[in-house]
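This report refers to the structure that appears directly beneath it.
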Ligand code: GLU
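In the working numbering, the protein residues as written are -17 to 400.
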């Protein structure tokens, strides 16, 4: 199968199979869920600033639409592939189902390094990609959002291109858009905020105190890592390390995150930051700390480094940062892993709020958004934790069981067509 080319996809299937076994999943449902519903591969020709045309490869995958429109981000990164996009789409299905949203799972992406493009090149790339995937997306069909390498500006260009084509403004075609074109207050920080909400719930469940002696390491300082790090600092813990794709910085006494942000704003990356020790991304994962937040890319914690992780809690801000083999080692070591489909679900939950507000044309205050988010995150955490205790499985399997249970009931009551 073409989907199975990446270890990331194979990993997602392994996790699904294991959860299916524990919950006694209908074998027909399992067979269907191992594969996406459909996928589109597009060529995206872009006139570069030097006048030449470059052609990029793009994808949009729908994994499941049993519960509603496909939902999931669009990623701009050099390692984007069909198999990676399909794995991410599958995770979105389980994430949306776990969070009780009336949405399915999808994902898109372009194999490109956005840091090497000018603003004009990025805009042309986004508009052409949107035109190519246009028949695939829409407020009732498939609703993209930001992911690694894309942001609210990218969503505004998608909204505009789609609306130009239809002849009227269609804000519901994307979420994570700027506030002035129908975005939701609190969406930007929602993923990072949700990560912290699950850490708060985990520390209550495990009886771990969160205070200034709690050391936190965050891999990745993009939208998710940065918001999570700032919120962890706000609740009184000490963030000792952060990183970006150039490497990390470590100060056991704690980092001044405003200073770090100001340094990145000026220098673009963390490289050369003066007030901390330079470390690699690999070293960051093994630092002496209480809480580790991998908020970069997939496949970071493997069977090679899992035994060296010192954190008591891992909260997965990224999608798929822990490989299956590592999961086993961490479980045996009693490391509490809050899995991606739960830990980072705050983003898609507030995307759903944005979609709902857009349909109602009635917008909520930031406080309302955050309170509703907290309620959903903490209730879902409690549900997953209870299943993990009852079935004696880790939180990933428990979260998958909760998500797949709702989905399989929906699939079986709708029936297989024809
Ligand atoms: N890209 C984010 C995720 O992986 C957000 C998806 C969305 O809001 O639709 O969950």
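Every residue gets a Cβ at the ideal spot worked out from N, C-alpha and C, and that includes glycine.
Note that the structure is a prediction, hence the values are computed from the model and not measured.
query                                                                                                            : result
One or two residues paired with residue 201 in a DSSP bridge                                                     : 276
N-terminal and C-terminal residue of the beta strand (DSSP E) that residue 54 is part of                         : 52 to 59
Any C-beta of chain B under 7 Å from that of residue 273                                                         : The structure shown has no chain B; it contains just one protein chain.
Residue environment, residue 342, which counts as buried when at least 16 other CB atoms sit within 10 Å         : exposed
Residue environment, residue -16, which counts as buried when at least 16 other CB atoms sit within 10 Å         : exposed
Counted within 10 angstroms of its Cβ, other Cβ atoms place residue 122 as buried (16 or more) or exposed        : exposed
Counterpart residues of residue 44 in DSSP-defined beta bridges                                                  : 20 and 88
Residue 129 Cβ short of 6 Å to the ligand GLU heavy atom set                                                     : yes
Contact under 7 Å by Cβ, residue 176 with residue 359                                                            : yes
Proximity below 7 Å, CB of residue 258 to CB of residue 201                                                      : no
Candidates 159, 241, 41 and 18, of which the one nearest residue 332 by Cα                                       : 159
Inter-residue spacing [alpha-carbon to alpha-carbon] between residue 234 and residue 313                         : 26 Å
Neighbourhood of residue 383 by C-beta, 8 Å cutoff - its chain only, sequence neighbours within 5 removed        : 1, 4, 5, 369, 373 and 375
Three or more C-beta pairs below 8 Å linking the stretch 25 to 37 and the stretch 65 to 73                       : no
The ligand GLU heavy atom lying under 6 Å from the CB of residue 329                                             : yes
Coarse secondary structure for residue 345, derived from DSSP in three states                                    : coil
For residue 379, the nearest candidate out of 336, 289 and -4 (CA to CA)                                         : -4
Near the ligand GLU: residue 79 beta-carbon under 6 Å from a heavy atom                                          : no
Residues that DSSP places opposite residue 29 in a beta bridge                                                   : 35
For residue 318, the first and last residue of its enclosing beta strand (DSSP E)                                : 318 to 320
Test item: CB-CB of residue 274 and residue 293 under 7 Å                                                        : yes
Local Cβ density within 10 Å of residue 20, reported as buried at 16 or more and exposed below that              : exposed
C-alpha distance - residue 191 paired with residue 213, whole-angstrom precision                                 : 16 Å
Whole-number beta carbon distance between residue 284 and residue 308, since they are thought to touch under 8 Å : 5 Å
Closer than 6 Å: residue 2 CB and nearest the ligand GLU heavy atom                                              : no
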